[in-house]
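So the structure is just underneath, and the comments pick up after that.
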Amino acid sequence: MGFMLAKVAAEPSRMQLVVRVSTEVLEKSAKNLGKADALILDIIKADDVSTLEEAVKAKEGPIAGARLKTSSAGTVKKALNSGCDFVVFSPDAPVSLTRDDQLGKVIEMESGLSDILLRTAGDLPLDAVIAVEKESGEILTIKRLMDLQRMIYLVKPPLLVKVPLSFSVEELQVLCDMGIKGVLVEVEEVKTAEKLADLRKAIESLKKPSPRKKDKMCPTVPSLKAEAAPVQEEEEEEEE
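According to the numbering used here, the sequence shown is numbered sequentially starting from 1443.
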């Protein structure tokens, strides 16, 4: 099963909760990680693949994917053959990763890339795009909204953004309303995993985005001229 975010429409959640987790936490916090829709495990060494395989074997729980962070061809091949549902890679990854139709494909793209490069994501065989931002912060700023809205306009595949566990329902609702399909949370400690339940509860409380008003093609400029006096028709002179 690929990492197809298009299926979100058939699910009650307005956005998917994706968790990037370390090997140690994955082994100790399986119950808490069950609150996620998908897990991403960094593959750096061969031992990481073994942990990924264990996550894939879990009958109940989130789908599992591999974030390839190694240059070892053998480790990469082993990860691709682990039975994982999807792979996460950077634009520097070999094009061969996009040729496997059995795996979901997620690319990490910097939000500061040019318009042309961001548009190319729509022509690639991708299932989702993770926004890589220089500054995400603990609060949602207007500047960040502008950067993310630009990506939504230019990138056709569903967009995922990184958020802290402290994000409020209001901030999540804003992301949902603007078209963000999923949020990504990094979990590096067991205590952090225990807080996923609160974020899941916040996501489940999101309301359906309201239809956007159609943009007007041109602005309405008020007239500064005084209204002209009505023209009175001259009375025809009566013929003698």
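C-beta: ideal position from N, C-alpha, C; glycine also.
Looking only at its chain, what residues have a beta carbon closer than 6 Å to the beta carbon of residue i, apart from the 5 residues adjacent to it on each side?
i	result
L1568	K1547, I1549 and P1599
L1560	L1596 and V1597
S1578	K1604
D1479	Q1458, L1459 and P1504
Who are the near neighbours of residue i in its chain, counting only those whose CB is closer than 8 Å to its CB and skipping five residues on each side?
i	result
S1608	E1580
L1614	M1457, V1605, V1625, A1644, I1645 and L1648
K1650	R1456
S1553	A1573, V1574, E1575, K1576, D1589, L1590, R1592 and M1593
V1498	A1506, S1524, G1525, C1526 and D1527
L1494	L1483, I1485, A1506, A1508, A1521, S1524 and C1526
E1502	G1476
Helix or strand or just coil, what does DSSP make of residue i?
i	result
K1667	Bear in mind that a pLDDT of 45 at K1667, under 50, signals an unreliable position, so the number given afterwards is only what the model happens to contain. Coil at K1667, not helix or strand.
E1469	helix
I1594	helix
G1546	strand
V1460	strand
G1554	coil
E1605	The question names Glu, yet the displayed sequence has Val at residue 1605. Reduced to three states, the DSSP call for V1605 is coil.
D1484	strand
A1508	strand
E1475	Here the sequence assigns Leu to residue 1475, which means Glu is not the residue at that position. It is helical.
E1628	strand
A1573	strand
Grab me the residues of residue i's own chain with a C-beta within less than 7 Å of its C-beta, minus the 5 sequence neighbours each way, in chain order.
i	result
E1496	none
E1630	S1464 and V1467
In angstroms with no decimal places, state the Cα-to-Cα distance between residue i and residue j.
i	j	result
T1634	D1534	31 Å
L1481	D1490	14 Å
V1611	E1636	18 Å
A1488	K1520	8 Å
V1529	L1587	27 Å
G1516	L1582	41 Å
V1513	S1532	Reading off the sequence shown, one finds Ser at residue 1513, where the question assumed Val. Going by the C-alpha atoms only, they are around 12 Å apart.
V1518	L1510	7 Å
T1540	I1558	20 Å
L1566	D1640	35 Å
For residue i and residue j, which I take to be in contact (beta-carbon distance under 8 Å), what is that distance rounded to the nearest angstrom?
i	j	result
V1603	L1617	7 Å
A1584	M1620	Checking the sequence shown, residue 1584 turns out to be Ile, not Ala. The Cβ separation is near 12 Å, so there is no contact.
V1632	S1471	5 Å
R1642	K1477	4 Å
V1627	V1461	5 Å
L1638	K1623	About 18 Å separates the two Cβ atoms, so there is no contact after all.
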